[in-house]
Amino acid sequence: MLICMKYNKYTISTIISAEDILSAELAALGIEGVEISDSNLPEDDGVPVFIDDLPDNPLSDGEAYLSFYLDADSDNSAVIAAVKDLLSELKRSMDIGAGTLTSDTTEDKDWLNNWKEYFHQFVLDFEDGKRALFIPSWEKRDTDTSGYDYVINIDPGTAFGTGAHETTSMCIKLLHKYVRAGDVITDIGTGSGILSILALKFGAARAAGTDIDPNAEAAVYKNLEDNDIAPGLFEYITGDILSDPGLRAHLEKKADVLCANILPAVLVPLFPHAQGLLKNGGIMIVSGVIDTKAGLIRQELSGNNFKIVEETAQGEWMAFAARLEA
């Protein structure tokens, strides 16, 4: 017997230039499968495109609509209240257009998997000429990989992180530059585990990853297996590094490199704790920083004994590498 589920569809009316920050902020709230509709994105027979990587230079800044879907039988009041608070906060700091939230009910669809139709394998090029090929698990793996130094088989599951988004790709490039053979990595907000997997392939000896999302664990261990990473090289921990002193104590002074691809709202309170997680002289790599928040991140890094050694930008996003000073 076919059971037809119902979903509440919530749509944010915004503008094209605000799509990226809104998508990232919604992901931080645990909202999956954001659907984007605007005049710059192609449509296939009127079906909106699910997309992991937005255009760097939009052709126009007209109206845009971001939709997400929640189970109609669940109590979503806390999530919706958080979205409304987010919209109010963003309106005070940037132009997001109308910033209104409307809702409707829709029939059963596979909203968590439809986006896979639009996500395909891609390549990252590094400064030293090396190349990494990323292959999603749902595509055939018969590609000729002989011209690539790193081949990553990735399936984010319901955890965020494929490597294609600017924030993740910048973090990967900085890890490639600063990870040394034998390093220990701590990955805050590990998601699919992609940053730790790359760090291990770049020569790290061990990695530990934390995430508040219990769904991340299954995605991480599947990706470790798919990329021939021995489970003993990676320790996954579900927990909140900000509120759990036991978790911080467990990871104390273990990392040569600490990475966090998280939004500034989480990065800023993380910085004081980061000092306790890194060895002296260790490197912290942070991404997920919208350019309007770059000044705040510079200030907070400096105020917490970090010296910025590199900044990089892609589109409206920025990433930083900073060294912990004694």
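Its first residue numbered 1, the sequence shown is counted upward by one per residue in the working numbering.
Each residue gets a CB set at the ideal place from its N, CA and C atoms; glycine is no exception.
Note to self: Please return the same chain residues whose Cβ sits closer than 7 Å to the Cβ of ALA255, not counting the five positions on each side in sequence.
What the structure shows: To locate residue 255, count along the sequence shown from 1; it is residue 255. Only VAL184, ILE185, THR186, LEU277, LEU278, LYS279, GLY282 meet the Cβ criterion.
_DSSP three-state assignment for SER137, whether helix, strand or coil_ = Taking the first residue of the sequence shown as 1, we reach residue 137 at position 137. Shown here, SER137 sits in coil according to DSSP, grouped into three states, outside any helix or strand.
**Asked** Any idea what DSSP makes of ASN280, helix, strand or coil?
**Response** Taking the first residue of the sequence shown as 1, we reach residue 280 at position 280. DSSP places ASN280 in strand when its eight states are reduced to three.
Report task. For ASN215, name the three-state secondary structure that DSSP assigns. Result -> Counting from 1 along the sequence shown, the entry for residue 215 is found at position 215. In the structure shown, ASN215 sits in coil (DSSP, three-state: anything other than H, G, I, E or B).
- prompt: Nearest-angstrom Cα distance between ALA207 and ALA319?
  reply: Locating residue 207 in the sequence shown gives position 207, counting from the first residue. Locating residue 319 in the sequence shown gives position 319, counting from the first residue. C-alpha separation (whole angstroms): 21 Å.
**Spatially closest choice to ILE36 from ALA64, LEU29, LEU26, by CA coordinates** = Residue 36 sits at position 36 when you count from the first residue of the sequence shown. Checked all of ALA64, LEU29, LEU26; the closest Cα to ILE36 is ALA64.
**Request:** Could you tell me whether the Cβ of ARG180 comes closer than 7 Å to any Cβ of chain B?
**Result:** The chain labelled as chain B is not found in the depicted structure, where only one protein chain is given.
In the DSSP assignment, what residue or residues form a beta bridge with MET318? On the sequence shown, residue 318 is found 318 positions in, with the first residue counted as 1. Assignment of beta-bridge partners to MET318 by DSSP yields VAL289, ALA313.
Checklist entry - Between ASN57 and the rest of its own chain, which residues show a CB-CB distance below 7 Å, the 5 nearest in sequence each way excluded? => result If you number the sequence shown from 1, residue 57 lands on position 57. Because ASN57 carries a pLDDT of 42, less than 50, the predicted location of this residue cannot be relied on, and the following value inherits that uncertainty. So no residue of the chain qualifies.
For ASN261, name the three-state secondary structure that DSSP assigns. Taking the first residue of the sequence shown as position 1, residue 261 is located at position 261. When DSSP states are grouped into helix, strand and coil, ASN261 belongs to the strand group.
So within the stretch 149-209, which uninterrupted alpha helix (DSSP H) runs reach at least 4 residues, ignoring any that extend past its ends? As far as the stretch 149-209 is concerned, its whole alpha helix (DSSP H) runs of at least 4 residues are 166-178, 194-201.
Tell me, to the nearest whole angstrom, how far the beta carbon of GLY288 is from that of ILE262; I am working on the premise that it is less than 8 Å.
-> Taking the first residue of the sequence shown as position 1, residue 288 is located at position 288. Taking the first residue of the sequence shown as position 1, residue 262 is located at position 262. Yes, they are in contact, since the Cβ atoms of GLY288 and ILE262 sit about 5 Å apart, within 8 Å.
Exercise for review: Tell me, please, whether the stretch 237-247 touches the stretch 191-206 by the rule of three or more beta-carbon pairs shorter than 8 Å.
Suggested key: Under the 8 Å Cβ criterion, the stretch 237-247 does not count as touching the stretch 191-206, having fewer than three qualifying pairs.
What span of residues does the alpha helix (DSSP H) with SER88 cover, start to end?
-> Sequence index remark: in the sequence shown, residue 88 carries index 88 (1-based). Run containing SER88: 77-93, per the alpha helix (DSSP H) assignment.
**Asked** Does the Cβ-Cβ distance between SER330 and PHE234 come in under 7 Å?
**Response** Because the chain spans 1 through 326 in this model, residue 330 falls outside it and cannot be assessed.
**Prompt:** Since GLN299 and SER169 are thought to touch, with beta carbons under 8 Å apart, how far apart are those beta carbons, to the nearest angstrom?
**Reply:** Here residue 299 refers to the residue found at position 299 when the sequence shown is read from its first residue. Here residue 169 refers to the residue found at position 169 when the sequence shown is read from its first residue. About 25 Å; that fails the 8 Å criterion.
| Of the choices PRO272, GLU89, LEU200, GLU225, whose alpha-carbon is the least far from that of ILE21? | As a working mapping, residue 21 is identified with position 21 in the sequence shown. It is GLU89.
What's the C-alpha gap between ALA27 and ALA230?
Along the sequence shown, one-based indexing puts residue 27 at 27. Along the sequence shown, one-based indexing puts residue 230 at 230. Those two C-alpha atoms are separated by around 29 Å.
(request) Could you tell me whether the Cβ atoms of HIS176 and PHE202 are closer together than 7 Å? (result) The residue labelled residue 176 in the question sits at position 176 within the sequence shown. The residue labelled residue 202 in the question sits at position 202 within the sequence shown. Yes.
Is the separation between the beta-carbon of SER77 and that of THR11 shorter than 7 Å?
Counted from its first residue, the sequence shown places residue 77 at position 77. Counted from its first residue, the sequence shown places residue 11 at position 11. No, these two residues do not count as a Cβ contact at 7 Å.
Close Cβ partners of PRO264 (< 8 Å) along its chain, the five nearest in sequence each way excluded: Indexing the sequence shown from 1 puts residue 264 at position 264. Same-chain partners within the cutoff: GLY288, VAL289, ILE290, LYS293, LEU296, ILE297.
- Select from VAL268, VAL34, SER17, ASP73 the residue whose C-alpha is nearest the C-alpha of ASN8. Residue 8 sits at position 8 when you count from the first residue of the sequence shown. Selection VAL268, VAL34, SER17, ASP73 evaluated against ASN8 yields ASP73 as nearest (Cα-Cα).
Quick check on the burial criterion: 16 or more other C-beta atoms within 10 angstroms. Buried or exposed for GLY232? In the sequence shown, counting from the first residue as 1, residue 232 sits at position 232. Result: exposed.
Check your understanding: For LEU251, which residues from the same chain have a beta carbon less than 7 Å from its beta carbon, with the 5 sequence-adjacent residues on both sides left out?
Key -> For the purposes of this step, residue 251 is taken as the residue at position 251 of the sequence shown. Counting only Cβ-Cβ distances below 7 Å, and skipping sequence neighbours, we find THR186, ALA208, LEU277.
message = Can you look up PHE126 in the DSSP assignment and give me helix, strand or coil?
response = Position 126 of the sequence shown holds residue 126. Coil.
Note to self: Given a cut-off of 7 Å on the beta-carbon distance, is the pair VAL34 and SER17 in contact?
What the structure shows: As a first step, residue 34 must be located in the sequence shown, where it is residue number 34. As a first step, residue 17 must be located in the sequence shown, where it is residue number 17. With contacts defined by Cβ atoms closer than 7 Å, VAL34 and SER17 do not form a contacting pair.
| Which of helix, strand or coil DSSP assigns to SER243 | The residue labelled residue 243 in the question sits at position 243 within the sequence shown. Secondary structure at SER243: coil, using DSSP grouped into helix, strand and coil.
request  = Using a threshold of 7 Å, state whether the C-beta atoms of ASN153 and ASN215 are closer than that.
outcome  = Translated into the one-based positions of the sequence shown, residue 153 becomes position 153. Translated into the one-based positions of the sequence shown, residue 215 becomes position 215. No.
* Can GLY203 be considered in contact with the ligand COA, in the sense that its beta carbon sits closer than 6 Å to one or more heavy atoms? -> The model depicted lacks the ligand COA and carries no ligand whatsoever.
Taking the alpha-carbon positions, what's the GLY99 to PRO136 distance? As a working mapping, residue 99 is identified with position 99 in the sequence shown. As a working mapping, residue 136 is identified with position 136 in the sequence shown. In a straight line, the C-alpha of GLY99 is about 33 Å away from that of PRO136.
query = With C-beta atoms as the reference, is ALA260 less than 7 Å away from VAL220?
reply = One-based indexing of the sequence shown puts residue 260 at position 260. One-based indexing of the sequence shown puts residue 220 at position 220. A distance of 7 Å or more separates the beta carbons of ALA260 and VAL220.
**Request:** Could you give the DSSP three-state label for ASN223: helix, strand or coil?
**Result:** One-based indexing of the sequence shown puts residue 223 at position 223. ASN223 carries a helical assignment under DSSP once its states are collapsed to helix, strand and coil.
TODO: Pick helix, strand or coil for ASP38, following the three-state DSSP scheme.
DONE: Stepping through the sequence shown from its first residue, residue 38 is reached at position 38. In the structure shown, ASP38 sits in a strand (DSSP, three-state: E or B).
To the nearest angstrom, how far is the alpha carbon of ASP149 from that of LEU124? The count along the sequence shown starts at 1 and reaches residue 149 at position 149. The count along the sequence shown starts at 1 and reaches residue 124 at position 124. Taking C-alpha positions only, ASP149 is separated from LEU124 by approximately 11 Å.
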